[in-house]
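Report on the following structure.
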Ligand SMILES: Cc1cc2nc3c(=O)[nH]c(=O)nc-3n(C[C@H](O)[C@H](O)[C@H](O)COP(=O)(O)O)c2cc1C
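Residue numbers (UniProt numbering): 1 to 183.
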């Protein structure tokens with residue numbers, strides 16, 4: 001099963017990206033095939049409907065999304081919403097890439113948690129006809145530290161991430177099996 005992760009920050013040392021790297025490790029431990037798209041390392045030009053050809057970086061992201069059976073999107077909480085960097089990436093997408101695929105949304109906030117960005121992200125996923133995972137994850141400022149293995153230092157948060165990722169993987173398996181059975 002293939003999962004694509006998109007890190008929606010272009011800040012060096014972004015905690016939303018660290019959280020996504022921790023999730024990547026959990027998925028790899030389950031021998032899942034993971035593609036990590038880090039929008040800091042793979043900057044995308046500003047989306048324009050007038051552009052005639054896709055920039056190679058956009059092409060790479062689009063292929064990674066098309067190839068995946070499930071997606072995990074990470075964003076910093078910016079002014080009660082998602083980052084412009086992630087919104088720009090999502091503007092390149094269309095229902096043909098996302099429809100019917102489970103999507104887990106995760107955020108990092110400066111406050112206690114970043115629910116607004118998660119709600120906005122789930123709204124965008126819904127408009128792309130993706131299947132919002134019933135779980136989501138937000139790490140507020142008091143959960144921004146990671147241990148030497150790259151997992152959240154707080155035991156409770158580690159458990160929460162584990163559980164949310166487990167439920168996302170289950171949902172992705174079920175939906176992928178349903179698609180295969182229907183073919
Ligand atoms: C432009 C901007 C807007 C922000 N707005 C919010 C906000 O509305 N709520 C909040 O809790 N934190 C806000 N923050 C703080 C970030 O959410 C916080 O620093 C978070 O850890 C950023 O994620 P990152 O570590 O992945 O960059 C904002 C930060 C920036 C730079």
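Even glycine gets a Cβ: it sits at the ideal position worked out from N, Cα and C.
In whole angstroms, what is the alpha-carbon distance linking residue 124 and residue 76?
16 Å
Spatially closest choice to residue 161 from 17, 10, 147, 22, by CA coordinates:
22
Tell me whether residue 16, by its Cβ, gets closer than 7 Å to a heavy atom of ligand 1.
Residue 16 Cβ: within cutoff of ligand 1.
Range covered by the alpha helix (DSSP H) that runs through residue 170:
155-182
CA-to-CA distance, residue 68 to residue 169, given in whole angstroms:
12 Å
Identify every residue that forms a DSSP beta bridge with residue 80.
None, per the DSSP bridge assignment.
Out of 56, 26, 100, point me to the one whose CA is closest to residue 133's CA.
100
Beta carbon of residue 106, beta carbon of residue 82: below 8 Å?
no
Quick one: give me the first and last residue of the alpha helix (DSSP H) that residue 27 is part of.
15-29
Nearest-angstrom beta carbon gap, residue 163 and residue 15 [assumed within contact, 8 Å]:
About 20 Å separates the two Cβ atoms, so there is no contact after all.
Can you list, in chain order, the residues of its chain whose CB lies under 6 Å from that of residue 141, leaving out five sequence neighbours each side?
110
Nearest to residue 92 (by Cα), restricted to the options 51, 174, 157, 115:
Minimum Cα distance to residue 92 is reached at 51.
Between which two residues does the beta strand (DSSP E) harbouring residue 67 extend?
Residue 67 -> not in any beta strand (DSSP E); alpha helix (DSSP H) instead, spanning 56-67.
Which residue from 98, 117, 135 puts its Cα closest to that of residue 79?
117
For a test of the three-state rule: what should DSSP assign to residue 48, helix, strand or coil?
coil
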